[in-house]
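Single-structure report; data block below.
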Amino acid sequence: MTAHPARFWVGLLAAFVLALWLLRHILLPFVLGMAVGYLLDPLVNRLARRGIPRAAAAGVIVVAAYGTSVAAVVLLAPVLARQVVDLVAKVPAYARAAYEALSPLLHRLEAGPGSARVAELAAAAAQRATDLLGPIAASLIGRGLAVLNLVMLLAITPLVAFYLLRDWPKLVTEVDGWLPREHADVIRAQSRAIDAVLAGFARGTAIVCATLALYYALALTVVGLESGLLIGLTAGAISFVPYVGTLGGATAAVGVAVYQFWPEWGRVVVVAGIFAAGQMLNDYVLTPNLVGDKVGLHPLWILFALFAGGALLGFTGVVIAVPVAAVIGVLARFAIGRYKESPLYRRSVHVVDRDRSRAP
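The sequence shown maps to residues 562 to 921 in this note's numbering.
Laid out in structure tokens, this is it:
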């Protein structure tokens, strides 16, 4: 290790990534438990500073959070299940109405000179969509809805969160003792920067998603949209993906509104306005105040991380994609800063300045 430290760290990272990939099918409850523990850690710290034993504080907070979540699921599950069934049952009617509305345009395309090319492109697009959605649907049916996986998720997630909250200071002290003494200060500084990014994004985004989910669900229910509660909660829950929650929710809601309220265009405009107002609320009020600009995660980087995580590790990869992207972002900024302080960068700047001074 002392002779080749770079090889050691690269090998350790490769072994860690390989372990994640091999264990990807059982990681979800542990990852969710770690995420819950990370989100609730400030509350446990606050209670511990007031003299409450950390184990008791962790137990009370986990039980309260878990009980609140279970109560919300029990209360909303019947309504959401009914709306899911109704929405799925009406999909053929929505498709038929969309076809009838677009049939004049389709007939024109069929009669045009490029009709064969249009049909070929449409068939290719349909095949591509089937290829992409087929494995996802099979995964959901084969694993996501399995009773055993659900029981594991409900049982293991709170246990992981409790033990993480209870033993967090001990874990930090233990890991700190593993650090190479020569680089310990640098590693601690980068760890604090990573924690600041993760805390700003994870806790802020959780509040943003919850607020938008409540807003969309209530607003769509008030205007009388069919499956409004389901669409609103789903749109808010996926709002951590930039603009995807708004665009996806607006597309579904406006489509249902056109079918339901036709020809009352005013109510359709109201539904579209709900999502426009929600996006403005997110862009100008919620995200600036709850997430802020210090996170340093560009929307394109978040999108890439989510797609890459989903492709590599499935739903577990989606869950850990943004934290991993935040860590990579912090380390990349640190590496760029060190590069700009190195003789390699200063030498290249000196050469550029010299060439500019010689230019006529």
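Note that beta-carbon positions come from the ideal geometry of N, C-alpha and C, so glycine has one too.
8 Å contact criterion, which Arg828 and Phe822 should meet: CB distance rounded: Rounded, the Cβ-Cβ distance is 4 Å, consistent with contact.
Three-pair Cβ contact test at 8 Å for the segment 631-640 versus the segment 601-613: No, the segment 631-640 does not touch the segment 601-613.
Span separating the alpha-carbon of Leu706 from that of Trp826: Any reading at Leu706 must be qualified, since the residue scores a pLDDT of 43, below 50, and its modelled position is unreliable; the value itself is stated next. So the two alpha carbons sit approximately 39 Å from each other.
For Gly806 and Leu773, believed in contact at Cβ under 8 Å, the rounded distance: Rounded, the Cβ-Cβ distance is 7 Å, consistent with contact.
Leu847 beta carbon less than 7 Å from that of Val769: A Cβ-Cβ contact shorter than 7 Å links Val769 with Leu847.
Limits of the unbroken alpha helix (DSSP H) element including Tyr777: Annotation for Tyr777: the continuous alpha helix (DSSP H) segment containing it runs Ala745 to Val783.
Beta-carbon spacing of Arg764, Arg615 below 7 Å: With respect to the 7 Å criterion, Arg764 and Arg615 are not classified as neighbours on the basis of their beta carbons.
Cβ separation of Tyr777 and Gly797, assumed to be a contact under 8 Å, to the nearest whole Å: Tyr777 to Gly797, Cβ: 5 Å. Contact.
Through-space distance from Trp729 to Gly816, alpha-carbon basis: So the alpha carbons of these two residues sit roughly 48 Å apart.
Straight-line Cα distance separating Val649 from Ala872: The C-alpha of Ala872 lies about 27 Å from the C-alpha of Val649.
Rounded straight-line distance, which links the Cα of Ala757 to that of Ala866: Inter-residue distance for Ala866 and Ala757 is about 19 Å (C-alpha atoms, whole angstroms).
Closest by C-alpha distance to Asp561, when choosing among Arg607, Ala750 and Thr766: Since the first residue of the chain shown is 562 and the last is 921, residue 561 is not available in this structure.
Reduced DSSP secondary structure (H/G/I, E/B, other) of Trp826: It is helical.
Enclosing alpha helix (DSSP H) for Ile889 [first to last residue]: Run containing Ile889: Phe876 to Glu902, per the alpha helix (DSSP H) assignment.
Selected residue, minimal CA-CA separation from Glu787, among Trp582, Tyr820 and Val578: The shortest C-alpha separation from Glu787 is found at Tyr820.
Member of Phe577, Val624 and Val721 whose CA lies at the smallest distance from the CA of Gly594: A check of alpha carbon separations from Gly594 across Phe577, Val624 and Val721 identifies Val721 as the nearest.
Among Ala638, Gly898 and Leu794, the one whose alpha carbon lies nearest that of Val747: Taking the Cα of Val747 as reference, the smallest distance to any Cα among Ala638, Gly898 and Leu794 is reached at Gly898.
Asn533: first and last residue of the uninterrupted alpha helix (DSSP H) it sits in: Only positions 562 to 921 of the chain appear in the structure, and residue 533 is not among them; the question remains open.
Residue of Val784, Ile881 and Val891 minimising C-alpha distance to Arg753: Measuring C-alpha to C-alpha distances from Arg753 to each of Val784, Ile881 and Val891 identifies Val891 as the nearest.
Val784 vs Val831 beta-carbon contact at 7 Å: Val784 is a Cβ neighbour of Val831, given a cutoff of 7 Å.
Cβ distance (whole Å) where Pro524 is taken to contact Leu714 below 8 Å: Because the chain here runs from 562 to 921, residue 524 falls outside it and cannot be looked at.
Nearest-angstrom beta carbon gap, Ala833 and Ala542 [assumed within contact, 8 Å]: With the chain running from 562 to 921 in the structure shown, residue 542 is simply not present.
Whole-angstrom distance between Gly809 and Val646, CA atom to CA atom: Each residue's alpha carbon lies about 19 Å from the other.
Limits of the unbroken alpha helix (DSSP H) element including Pro603: Following the DSSP letters along the chain, one finds Pro603 inside the alpha helix (DSSP H) bounded by residues Leu589 to Arg610.
Member of Gly839, Ala882 and Phe876 whose CA lies at the smallest distance from the CA of Leu858: Residue Ala882 is the option with its Cα nearest to Leu858.
Supposed contact pair Leu790 and Leu641 - C-beta distance, whole angstroms, cut 8 Å: The pair is a contact, with the Cβ atoms about 7 Å apart (cut-off 8 Å).
Pro719, buried or exposed, once every other Cβ within 10 Å from all chains shown has been counted against 16: With 16 or more neighbouring CB atoms inside 10 Å of its own CB, Pro719 falls in the buried class.
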